[in-house]
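K.L.:
In our numbering, the protein residues as written are 35 to 231.
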């Protein structure tokens with residue numbers, strides 16, 4: 035997978051796993067590291083699917099309708115890539131904190147639906163990746179969800195449903211709302227930074 039890696043500055047600092055939105059690249063979110071935690075490292079990955087030339091992490095059948103077969107395949111591939119990177123670069127997987135935006139937040143959420151790989155995750159404008167599935171025990175996992183009350187792509191009930199599903203699996207979930215739409219905005223990033231402390 036095409037990716038960027040920067041080692042953390044200290045032995046106990048986290049490594050952010052940056053997962054971009056549709057049409058983004060591995061370059062998009064790396065600037066957030068200085069805002070979230072200046073000591074942290076990052077692993078930033080480019081989605082392997084192309085939709086009309088726009089990188090994504092998995093296929094969709096239509097706006098808001100995911101190709102669940104492809105989602106399962108791409109999630110498994112990404113998890114294996116992360117395991118390989120952890121072995122190659124000698125870090126523990128639970129040091130990774132996914133920071134996913136939109137499509138990237140959806141695959142990050144789906145990784146949590148598969149297994150409790152991470153201790154913390156930041157999901158920015160996510161949707162419910164799959165319904166009617168049993169989630170793993172997430173009682174040791176903290177999740178931050180950044181949502182927009184005027185988001186035309188991810189309506190409020192989608193955010194609330196995802197939060198409820200994660201909580202039912204035992205996760206500690208904090209939802210922060212902005213008055214904006216689907217875009218990333220500084221108040222959300224600042225709230226995520228405070229949440230990390």
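For each residue, glycine too, the CB sits at the ideal point set by N, CA and C.
Can you name, in chain order, every residue of its own chain whose Cβ lies under 7 Å from the Cβ of residue 209, other than the five neighbours on each side?
P.N.:
Excluding sequence neighbours, residue 209 sits near 179, 181, 193 and 197.
K.L.:
Short check: CB of residue 183 to CB of residue 144, under 8 Å?
P.N.:
No, Cβ-Cβ distance for residue 183 and residue 144 is not below 8 Å.
K.L.:
With 16 other CB atoms within 10 Å as the buried threshold, where does residue 224 fall?
P.N.:
Classification for residue 224: exposed.
K.L.:
Could you tell me which residues DSSP pairs with residue 13 in its beta bridges?
P.N.:
Outside the shown range of the chain, which is 35 to 231, sits residue 13, and nothing can be said about it.
K.L.:
Could you check if residue 202 is buried or exposed, using at least 16 other CB atoms within 10 Å of its CB as the buried criterion?
P.N.:
Exposed, since its Cβ has fewer than 16 Cβ neighbours within 10 Å.
K.L.:
Enumerated in chain order, which unbroken segments of the beta strand (DSSP E) with a length of 3 residues or greater are wholly contained in the region 165-189?
P.N.:
The region 165-189 contains these whole beta strand (DSSP E) runs: 176-182.
K.L.:
Would you mind sorting residue 109 into buried or exposed? The rule is 16 or more other CB atoms within 10 Å of its CB.
P.N.:
Its Cβ being crowded by 16 or more others within 10 Å, residue 109 is buried.
K.L.:
Can you tell me where the alpha helix (DSSP H) holding residue 227 begins and where it ends?
P.N.:
From DSSP, the alpha helix (DSSP H) with residue 227 extends over 220-230.
K.L.:
Considering only their Cβ atoms, is the gap separating residue 96 from residue 74 smaller than 8 Å?
P.N.:
Contact: no.
K.L.:
Is the beta carbon of residue 70 less than 8 Å from the beta carbon of residue 230?
P.N.:
For residue 70 and residue 230, yes; Cβs fall inside 8 Å.
K.L.:
Cutting at 8 Å between CB atoms, please list the residues of its own chain near residue 94, excluding the five before and the five after it.
P.N.:
Here the set comprises 85, 100 and 101.
K.L.:
In the DSSP assignment, the alpha helix (DSSP H) including residue 141 goes from what residue to what residue?
P.N.:
Segment 137-148, the alpha helix (DSSP H) holding residue 141.
K.L.:
Which runs of the beta strand (DSSP E), 3 residues or longer, sit entirely within the region 99-136?
P.N.:
If we require 3 residues or more, the beta strand (DSSP E) runs fully inside the region 99-136 come out as 130-135.
K.L.:
Can at least three beta-carbon pairs, one atom from the region 113-128 and one from the region 136-143, be found at a separation below 8 Å?
P.N.:
Not touching, per the Cβ criterion.
K.L.:
Drop a sphere of 10 angstroms on the beta-carbon of residue 200, count the other beta-carbons inside from all chains shown, and report buried for 16 or more, exposed for fewer.
P.N.:
Burial call: buried.
K.L.:
Quick one: measure Cβ to Cβ for residue 153 and residue 185, integer angstroms, because I've assumed they're closer than 8 Å.
P.N.:
Rounded, the Cβ-Cβ distance is 27 Å, inconsistent with contact.
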